[in-house]
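**Q** For the sequence shown, the residue numbers in my numbering are 562 to 851. Cβ coordinates follow ideal geometry from the N, Cα and C atoms, glycine included. Computed from a predicted structure; not experimentally measured.
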Amino acid sequence: MRSAADPQQALSSGPPRAGFGLRPKHYREILERGIRADFAEATSENFLGRGGRAHAVLERVRKDRPIALHGVSLSIGGSDPLNRAYLDELRALAERIEALGISDHLCFGTFRGHYAHDLWPLPYTEEALLHVVSRVHEVQARLGRRILLENVSSYVEYRASALSEWEFLNEVAARAECGILLDVNNVFVSAKNLGFSADDYLNGIAPTRVEQMHLAGHSDGGGFLLDDHGSAVTSDVWQLYERALARFGPLPTIIEWDECVPALSELEAEAERARNVAMRVFLGSESPRA
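1) Only counting the same chain, and skipping five residues up and downstream in sequence, which positions put a Cβ closer than 6 Å to that of Arg-836?
2) Residues in its own chain within less than 7 Å of Ser-564 by CB, not counting five upstream and five downstream?
3) Would you give the residue range spanned by the beta strand (DSSP E) that Gly-740 belongs to?
4) Rounded to whole angstroms, what's the CA-CA distance from Ser-664 to Arg-706? Just pull it up for me.
5) Report buried or exposed for Cys-739, applying the criterion of at least 16 other Cβ atoms within 10 angstroms of its Cβ.
6) Compare the Cα-Cα distances from Glu-803 to each of Ser-826, Leu-786 and His-775 and report the closest residue.
7) List the residues that DSSP assigns as beta-bridge partners of His-631.
8) Say whether the stretch 732-748 touches the stretch 756-774, bearing in mind that this needs 3 or more beta-carbon pairs closer than 8 Å, one atom from each stretch.
9) Which class does Ser-695 belong to by DSSP, given the choice of helix, strand or coil?
10) I'd like to check one pair, Ile-658 with Ile-637: are the Cβ atoms closer than 8 Å?
11) Taking the beta carbon of Ser-695 as the centre, do at least 16 other beta carbons fall within 10 Å, making it buried, or is it exposed?
12) Checking 8 Å against the spacing of the C-beta atoms, do Ser-722 and Tyr-685 come in under that value?
13) Taking Glu-829 and Phe-581 to be in contact with their CB atoms under 8 Å, please state how far apart those CB atoms are, rounded to whole angstroms.
14) Between Leu-755 and Arg-703, is the Cβ-Cβ spacing less than 8 Å?
15) Asn-644: which of Val-697, Asp-625, Ser-780 and Arg-626 sits nearest, CA to CA?
16) Candidates Glu-620, Gly-670 and Val-733: which alpha carbon is nearest Glu-687's?
17) Can you tell me whether Ser-780 is helix, strand or coil according to DSSP?
18) Give the secondary structure of Ile-708 by DSSP, where H, G and I count as helix, E and B as strand, and everything else as coil.
19) Do the CB positions of Arg-621 and Ile-591 come within less than 8 Å of each other?
20) For a test of the three-state rule: what should DSSP assign to Leu-787, helix, strand or coil?
21) Can you name the start and end residues of the beta strand (DSSP E) that Ala-579 belongs to?
22) Could you tell me if Phe-785 is buried or exposed, where buried requires 16 or more neighbouring beta carbons within 10 angstroms of its beta carbon?
23) Below 8 Å CB to CB, which residues in the same chain sit around Leu-690 once its five sequence neighbours on both sides are set aside?
24) What are the start and end residues of the alpha helix (DSSP H) that includes Ile-596?
25) Quick one: residues in its chain with C-beta nearer than 6 Å to the C-beta of Leu-635, no 5 flanking neighbours on either side, listed in chain order?
26) So, Asn-712 versus Val-750, is the Cβ gap smaller than 8 Å?
27) Note the first and the last residue of the continuous beta strand (DSSP E) segment covering Ile-816.
28) If you measure between the beta carbons of Gly-662 and Leu-619, is that distance less than 8 Å?
29) Going by the CB atoms, is the gap between Ala-759 and Leu-801 shorter than 8 Å?
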C-alpha cells in the first residue's frame, strides 16, 4: 500500500526530523506565524469534519510542513465493531492533508458502545493476537493505507498473557503488515512499573517495523510512574531515546505534551533537542534545522 512518493517514507529517508503535537493553546500563535519544526502531529479526533478554527490551523501548518494523524479512539483491541463512519472520516481527512502517517494505540478503550477515554492494555495471548490482526487488516482496507500502532503505558499485567508486550507488538506488526510508532517514554514507564528491562523491549522489536517515535514526560506517583504528558522529557528517557535511535535509525520523532502545556517556543525547543540528539547519534554533531 506504499509508493515511492509516500511522505512518511520520504521523511524517514532524510536527515533526522522532529516535531510536536498541535494543541489548542497555541492555535492563535500558529495561525500568525506557523511552526518552527520539521513536522507536526494532529490528534485525529480533533480535526474530523470540516471548517472552524482547528481546520484553519491544520491548513496553516500544512502549507509549510507535513502532518501526521494520531488517534485515540480506534480501540483496535476492543470487542465492539469497528466504527466505519469514523474510519471513513479519518480517510477523508488523511487524503485532504496528505497525512504522512496515521497512527493509533495498541489497546482497547470501548466496551458495549461506551468510550472509556482511556487506553487499556491487552492480554498478550494468541487469541488476542488473532483478533487484533484481523481488525488491523479491516482498518487498513478501509483507510486504503497502512497504519502505525503505538505501545501504551501499562500499570497492570494479565495472568493470562503468554507473550511479552514486545513479542505481541512485533507479531501484530508482522502478521498485519502494519508499522510501529514506538513511544520511548511509554517503554520506560511500563518497564519501571512492571519490572522488565527497557533495553530488552527495544532489542525485541524488529527495526524494520518501527517508523516513528514519541517522547513525553511522566511523573512519579509514589511506587509507580504515571504517563501524564505533563512535563519535559526526563534525562532517563532521553538516554533511552539515544539507544532507540541507535537500534531503529533516525526516525521522525514527536514531542507530546498534553497537561500543563508550555509556551509554543518551549515545545519547539524540545523538538529541536530531539532532532539534535539524533544528529549527534548519527552524525556526531548538531546543526540548525533546515
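**A** Checking against the coordinates, here is how it stands:
1) Within the same chain, Cβ atoms closer than 6 Å to the Cβ of Arg-836 are found at Pro-577 and Ala-579, the five residues on either side in sequence being excluded.
2) Its pLDDT being 38, under 50, Ser-564 is placed unreliably by the model, and the measurement read from it follows with that caveat. Here Ser-564 has no same chain residue with a Cβ atom under 7 Å from its own Cβ, once five neighbours each way along the sequence are excluded.
3) Segment 740-744, the beta strand (DSSP E) holding Gly-740.
4) When the Cα atoms are used, Ser-664 and Arg-706 turn out to be separated by approximately 11 Å.
5) Counting Cβ neighbours within 10 Å, Cys-739 comes out buried, since at least 16 surround it.
6) Nearest option by C-alpha distance: His-775.
7) DSSP output for His-631 lists Thr-604 and Ser-664 as bridge partner(s).
8) Contact between the stretch 732-748 and the stretch 756-774 is present, because at least three Cβ pairs lie under 8 Å.
9) The three-state reading of DSSP puts Ser-695 in helix, counting H, G and I together.
10) Contact flag unset, no.
11) When all chains shown are included, Ser-695 counts as exposed.
12) By the CB criterion at 8 Å, Ser-722 and Tyr-685 fall inside the cutoff.
13) Contact between Glu-829 and Phe-581 holds: their C-beta atoms lie close to 7 Å from each other, under 8 Å.
14) Against a cut-off of 8 Å, the Cβ pair of Arg-703 and Leu-755 comes out as no contact.
15) Among Val-697, Asp-625, Ser-780 and Arg-626, the Cα nearest to that of Asn-644 belongs to Val-697.
16) Distance check between Glu-687 and each of Glu-620, Gly-670 and Val-733 places Val-733 closest, using alpha-carbon atoms only.
17) The answer is strand: DSSP assigns Ser-780 an E or B state.
18) Residue state for Ile-708 is assigned as coil, using DSSP reduced to three classes.
19) At a Cβ-Cβ threshold of 8 Å, Arg-621 and Ile-591 count as neighbours.
20) Three-state result, Leu-787: strand.
21) From DSSP, the beta strand (DSSP E) with Ala-579 extends over 579-582.
22) Looking at its Cβ environment, which holds fewer than 16 other Cβ atoms inside 10 Å, Phe-785 is exposed.
23) So the qualifying residues of the chain are Leu-724, Phe-729, Glu-732, Val-733 and Arg-736.
24) Ile-596 -> no alpha helix (DSSP H), and no H or E assigned at all.
25) Contacts found: Asp-665.
26) For the pair Asn-712 and Val-750, the CB atoms are not nearer than the 8 Å cut-off.
27) Under the DSSP assignment, Ile-816 falls in the beta strand (DSSP E) whose first and last residues are 814-816.
28) Not closer than 8 Å, so no.
29) Yes, Cβ-Cβ distance for Leu-801 and Ala-759 is below 8 Å.
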